[in-house]
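J.: Taking full-length UniProt numbering, the leading residue of the sequence shown gets 1, the next gets one more, and so forth.
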Amino acid sequence: MPSPKNLTNVEVLGPQKRRRWSPQEKLAMVQQSYEPGYSVSLVARQHGVNANQLFLWRKQHQQGELTPVAVGESTVPAAQLADAMRQIRELQRLLGKKTMEAEILKEAAEYGRFKKLDCALALAAGGHPMKRVCDVLGVARSAAVKRQLRSSDWTDGRQRRHSDDQDLVEQLRSAIENLPSYGYRRAWALLRRERACQGLPAVNVKRVYRVMRTHGLLLQRRAPAVRPQRRHDGQVSVGASNQRWCSDGFEFRCDNGEAVRTTFALDCCDREAMSWVASTEGYTGDDVRDVMLAAVERRFGNALPDRPIQWLSDNGSAYTAALTRSFARDVGLEPVNTPVSSPQSNGMAESFVRTMKRDYVNFMPKPDARTAIGNLAIAFEHYNEHHPHSALRYHSPREFRRKAMATR
Numbered sequence: 001m002p003s004p005k006n007l008t009n010v011e012v013l014g015p016q017k018r019r020r021w022s023p024q025e026k027l028a029m030v031q032q033s034y035e036p037g038y039s040v041s042l043v044a045r046q047h048g049v050n051a052n053q054l055f056l057w058r059k060q061h062q063q064g065e066l067t068p069v070a071v072g073e074s075t076v077p078a079a080q081l082a083d084a085m086r087q088i089r090e091l092q093r094l095l096g097k098k099t100m101e102a103e104i105l106k107e108a109a110e111y112g113r114f115k116k117l118d119c120a121l122a123l124a125a126g127g128h129p130m131k132r133v134c135d136v137l138g139v140a141r142s143a144a145v146k147r148q149l150r151s152s153d154w155t156d157g158r159q160r161r162h163s164d165d166q167d168l169v170e171q172l173r174s175a176i177e178n179l180p181s182y183g184y185r186r187a188w189a190l191l192r193r194e195r196a197c198q199g200l201p202a203v204n205v206k207r208v209y210r211v212m213r214t215h216g217l218l219l220q221r222r223a224p225a226v227r228p229q230r231r232h233d234g235q236v237s238v239g240a241s242n243q244r245w246c247s248d249g250f251e252f253r254c255d256n257g258e259a260v261r262t263t264f265a266l267d268c269c270d271r272e273a274m275s276w277v278a279s280t281e282g283y284t285g286d287d288v289r290d291v292m293l294a295a296v297e298r299r300f301g302n303a304l305p306d307r308p309i310q311w312l313s314d315n316g317s318a319y320t321a322a323l324t325r326s327f328a329r330d331v332g333l334e335p336v337n338t339p340v341s342s343p344q345s346n347g348m349a350e351s352f353v354r355t356m357k358r359d360y361v362n363f364m365p366k367p368d369a370r371t372a373i374g375n376l377a378i379a380f381e382h383y384n385e386h387h388p389h390s391a392l393r394y395h396s397p398r399e400f401r402r403k404a405m406a407t408r
C-alpha cells in the first residue's frame, strides 16, 4: 500500500458543455486579433477558445468570406467556384448538343429507307447545320457539300452501260485465241497495248472482266496452293536492272519420251529472260557458264559490268562448282546461293518456271526434242516481248525496260 506522502492531489472537474459562440462574437474575436498588441493565442486564451479554432475563423475572414463566418459554414475558394461554373456551362452546351442530335436522329428515322447521304441532304435542307448532321450520321461533309452543289443536268457515268459489247468481245477472243491460259487481267493488258498502237483510249479492266464473265471467257479458279511451313521474309526483286540476276532450270517431256532440260538467266527487276540453253542432257556446269556469258553479252556487249551483279541460284552442283563460281567472278558476277531446302529464296526463278510451263510448254507442239527446242525459242521471245507481267504493271519485260530507259 503506497504511503500517504507519495499521493498527489488530483483536481476533478465537473461536466462542462461546449460553448456555442454567436456569429457576432466570432467576428469580434477575429477583429480583436488584428489589433496592435494582440495575437491569435492571446485572444484565444482571453476568451477560452482553442487557438486553432480562432486561426480558422481568421483565415476565413482573410479570404473575404464574411457571410460563412457569420453563419458558421465552410468557405469555397474563388478558383473552385469559377471551375464549377465552367463545368456547368460545358454541361449545358453538351445538353444542347445532345438535344439537337436527338432531334436530327428522330427526323432521320423518317428517311430511314434512303441512304445516309440522302438523309443528310434532306436534314440539311430542313435547316439543320450541315456539320452537325454529317457528324451525327457519319457522312463525309465534303461528299455532302459536293452533292448539294451538283447541277441539275448531272448524270452518273458509272451507271452507264455499253449496250453493245460485241466489238469488245471479238477483240478479246482474238487476243486470247492462242493464249488459253490468259485471264482477264492479261487479256486486258493485250487489249490495252493493241489500242495504244491504234491511238485509241484504253478499256477499263472492270469492263473487260464484266464482258468476259458474261460471255464465259474467264478462267476457272484455281485451288489455293499449299504453302510450305518454312517462312521466307526476304525480297528477291530489286528496284533497278542489272543489280541481281537469278537462274534455275526446268525439264519437260516430249511426245516421243525425250526429256528437254533448260537453264535460263532472269533479271530480278525487269524479269527479262536474258539467256537460256536447252538440251537433252543433264544440267551441266558448261550450260550454266554459257548462260552467264550470254547474259553478260546481252546486257553489256563485249564489256563487263561496272560493279558486280549478284548471281542468285540454288545449291545444284552445276552452280556450286568451283569452276563455275570462278568463271562468274571473271565475267563480273557475284555468286549467291540460297539456303538448303529453301526454294522460296529463289522464288522469282521458280515463278518463271511455272509461267513457262503453264503458258507455253503445255500448249506448244513438242513431238520430239528438236521441234520442242525450236518452239521453246519462240516461247522465250514471246515472253520477253509480249507477255504481260503483274509486277511490271502488266507490261512485257522488254516493254518495261524500254520505258525505264526512256525516263532516265
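All C-beta atoms in this analysis are idealised placements derived from N, C-alpha and C, irrespective of residue type, glycine included.
Straight-line CA distance for V361 to S351?
T.: 14 Å
J.: Going straight from the alpha carbon of D153 to that of V211, what length do you get?
T.: For D153 and V211, the distance between alpha carbons rounds to 29 Å.
J.: Checking 8 Å against the spacing of the C-beta atoms, do R147 and K131 come in under that value?
T.: no
J.: Decide if L376 is buried, meaning its Cβ has at least 16 other Cβ atoms within 10 Å, or exposed.
T.: With at least 16 other beta carbons inside 10 angstroms of its own, L376 counts as buried.
J.: For A295 and A265, which I take to be in contact (beta-carbon distance under 8 Å), what is that distance rounded to the nearest angstrom?
T.: 4 Å
J.: Note the first and the last residue of the continuous beta strand (DSSP E) segment covering W245.
T.: 244-253
J.: Our contact map puts R195 next to V203 with C-beta atoms below 8 Å; I'd like the distance itself, whole angstroms only.
T.: Contact holds; Cβ gap of about 7 Å.
J.: Could you tell me whether the region 384-402 touches the region 280-293, where touching means 3 or more Cβ pairs closer than 8 Å?
T.: no
J.: Tell me the DSSP bridge mates of residue 409?
T.: Because the chain spans 1 through 408 in this model, residue 409 falls outside it and cannot be assessed.
J.: Buried or exposed, going by whether 16 or more other CB atoms sit within 10 Å of the CB of P388?
T.: buried
J.: Are S279 and R261 closer than 8 Å when you measure CB to CB?
T.: yes
J.: On a Cα-Cα basis, can you pick out the residue from W188, R193, L312 that is closest to Q243?
T.: L312
J.: Per DSSP, which residues does A265 bridge with? Please list them.
T.: Note: A265 sits in a beta bridge opposite S247, S275.
J.: In whole angstroms, give me the CA-to-CA distance for A404 and L149.
T.: 43 Å
J.: Going by DSSP, what residue range makes up the alpha helix (DSSP H) through I373?
T.: 369-386
J.: In angstroms, rounded to a whole number, what distance separates the CA positions of D314 and G347?
T.: Spanning the two alpha carbons is a distance of roughly 10 Å.
J.: Tell me the residue span of the alpha helix (DSSP H) that contains W57.
T.: 51-62
J.: Which residue from P343, I104, K115, V136 puts its Cα closest to that of G126?
T.: I104
J.: Is R132 near the ligand FAD, in the sense that its beta carbon is under 7 Å from a heavy atom of that ligand?
T.: Among the ligands in the structure shown, none appear at all, so the ligand FAD cannot be discussed.
J.: Compare the C-alpha of E381 against each of V336, A349, L293, R271 and name the closest.
T.: R271
J.: Quick one: using the 10 Å Cβ neighbour count with 16 as the cut-off for buried, is R401 buried or exposed?
T.: buried
J.: If we ignore side chains and look at the alpha-carbon of each, how far apart do L172 and K357 end up?
T.: 23 Å
J.: Run the CB neighbour count on I309, radius 10 Å, all protein chains shown included, and call it buried at 16 or more, exposed below.
T.: Classification for I309: buried.
J.: Kindly identify the DSSP beta-bridge partner or partners of H389.
T.: H395
J.: Less than 8 Å between C-beta atoms, sequence neighbours within five positions excluded: which residues of the same chain meet that for G37?
T.: none
J.: Along the chain, where does the alpha helix (DSSP H) containing F363 start, and where does it finish?
T.: Counting along the chain, F363 falls outside any alpha helix (DSSP H), and DSSP gives it neither H nor E.
J.: Looking at the structure shown, is A259 part of a helix, part of a strand, or coil, going by DSSP?
T.: strand
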